[in-house]
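Participant:
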Amino acid sequence: MVSPLALFVGLAILIGPLGIMVDGLGVNWGTMATHKLPPKTVVKMLKDNNINKVKLFDADETTMGALAGSGLEVMVAIPNDQLNVMGSYDRAKDWVRKNVTRYNFSGGVNITFVAVGNEPFLKSYNGTFINLTFPALQNIQNALNEAGLGNSGQCDFPIQIVASSSAFVSSSLVWLVSGVLFAFFMF
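For the sequence shown, numbering that gives the first Met the number 0 gives the first residue as 0, with consecutive numbering after it.
Spelled out as structure tokens, the structure:
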């Protein structure tokens, strides 16, 4: 049996010369900090370091204003504590209007994804968000579609994929909420 390290080194030797490129580098930008940097400074730092994608954990007005015209690809997240209210289509439409369409103009914010929750299926949440995430996802995607942004602004929900305790191989990945994922794929 081949060790995981030998397999990794072998693949690196085979794939390395192919010059595989990534589409871009992205970062998570959290705004809950004791000493916040001004958003315009953060945007400049991201661009200076060739980071062209950013995930926001909320749609803070000052942060969104700093991102306007930057050309950065932005994923805006709906916090887990708002998933329950996104079960209402009217509330989802209102959220899309305030946090997506408001910034969708020439020179605005390049919002490419809306994240519905932040890893809402973690075991530490004890199932709190399992029944809230899919209805919120449907409502947000439908609101994006209604606003004419269904192709440019797509919904997703960040999930944690956990490798089993055995040696890592792709078939050993465990999806924590297969029922929700099945419903998502049927959507």
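Just so you know, even glycine gets a beta-carbon here, dropped at the ideal spot from N, CA and C. Quick caveat, the model's predicted, so the values are computed rather than measured.
#1: For S163, which three-state DSSP category applies?
#2: In whole angstroms, what is the alpha-carbon distance linking M74 and V99?
#3: For R90, collect the residues of the same chain with a Cβ closer than 7 Å to its Cβ; drop the 5 residues on either side in sequence, then sort them by chain order.
#4: Three or more beta-carbon pairs under 8 Å between the stretch 64-82 and the stretch 45-56, yes or no?
#5: Would you kindly work out how many angstroms separate the C-alpha atoms of G25 and N48, rounded to a whole number?
#6: When the Cα of L148 is compared with those of V41, T61 and V95, which residue comes out closest?
#7: Closest to G68 by CA distance: which of A76, Q137, K46 and Y88 is it?
#8: Output the distance between the C-alpha atoms of P119 and C154, rounded to the nearest integer angstrom.
#9: Kindly identify the DSSP beta-bridge partner or partners of Q153.
#10: Do K92 and A135 come within 8 Å of each other at the CB atom, strictly closer than that value?
#11: Is M63 closer than 8 Å to V108 when the C-beta atoms are compared?
#12: Run through the stretch 45-129 for me and flag every whole beta strand (DSSP E) of 3 or more residues, listed as ranges in chain order.
#13: Give the range of the beta strand (DSSP E) segment to which G25 is assigned.
#14: Got a sec? Which residues, its chain only, sit under 6 Å from N27 by beta carbon, not counting five neighbours each side?
#15: Check whether the Cβ atoms of V115 and T132 lie closer than 8 Å to each other.
#16: Hey, how far is the Cα of K35 from the Cα of G29?
#17: What does the alpha-carbon distance come out to for the pair V41 and N138?
#18: Are the Cβ atoms of P78 and D57 separated by less than 8 Å?
Facilitator: To lay it out plainly:
#1: Within the sequence shown, the letter at position 164 stands for residue 163. Its pLDDT being 40, under 50, S163 is placed unreliably by the model, and the measurement read from it follows with that caveat. Three-state result, S163: coil.
#2: Looking up residue 74 in the sequence shown gives position 75. Looking up residue 99 in the sequence shown gives position 100. Rounded to the nearest angstrom, the two C-alpha atoms are 10 Å apart.
#3: Here residue 90 corresponds to residue number 91 of the sequence shown, with the count starting at 1. Counting only Cβ-Cβ distances below 7 Å, and skipping sequence neighbours, we find V84.
#4: yes
#5: Your numbering for residue 25 matches position 26 in the sequence shown. Your numbering for residue 48 matches position 49 in the sequence shown. Whole-angstrom Cα-Cα distance: 11 Å.
#6: Locating residue 148 in the sequence shown gives position 149, counting from the first residue. Of the listed residues, the one whose Cα sits closest to L148 is V95.
#7: The sequence position of residue 68 within the sequence shown is 69, counting from 1. It is K46 whose Cα lies nearest to the Cα of G68.
#8: Locating residue 119 in the sequence shown gives position 120, where the first residue counts as 1. Locating residue 154 in the sequence shown gives position 155, where the first residue counts as 1. About 14 Å.
#9: Numbered from its first residue, the sequence shown carries residue 153 at position 154. For Q153, which the question treats as bridged, DSSP gives the partners F112.
#10: Position 136 of the sequence shown holds residue 135. Position 93 of the sequence shown holds residue 92. No. Outside cutoff.
#11: Translated into positions along the sequence shown, residue 108 becomes position 109. Translated into positions along the sequence shown, residue 63 becomes position 64. Yes, the Cβ-Cβ distance between V108 and M63 is below 8 Å.
#12: 52-55, 72-77 and 109-115
#13: Numbered from its first residue, the sequence shown carries residue 25 at position 26. G25 -> beta strand (DSSP E) spans G25 to W28.
#14: The count along the sequence shown starts at 1 and reaches residue 27 at position 28. Closer than 6 Å at the Cβ level, and outside the excluded window around N27, lie K54.
#15: Counting from 1 along the sequence shown, the entry for residue 115 is found at position 116. Counting from 1 along the sequence shown, the entry for residue 132 is found at position 133. Yes.
#16: Stepping through the sequence shown from its first residue, residue 35 is reached at position 36. Stepping through the sequence shown from its first residue, residue 29 is reached at position 30. If you take the alpha carbons of K35 and G29, they lie about 10 Å apart.
#17: Position 42 of the sequence shown, counted from the start, is the residue given in the question as residue 41. Position 139 of the sequence shown, counted from the start, is the residue given in the question as residue 138. The alpha-carbon atoms of V41 and N138 are separated by roughly 32 Å.
#18: As a position in the sequence shown, residue 78 is number 79, starting the count at 1. As a position in the sequence shown, residue 57 is number 58, starting the count at 1. Yes, they are a contact pair.
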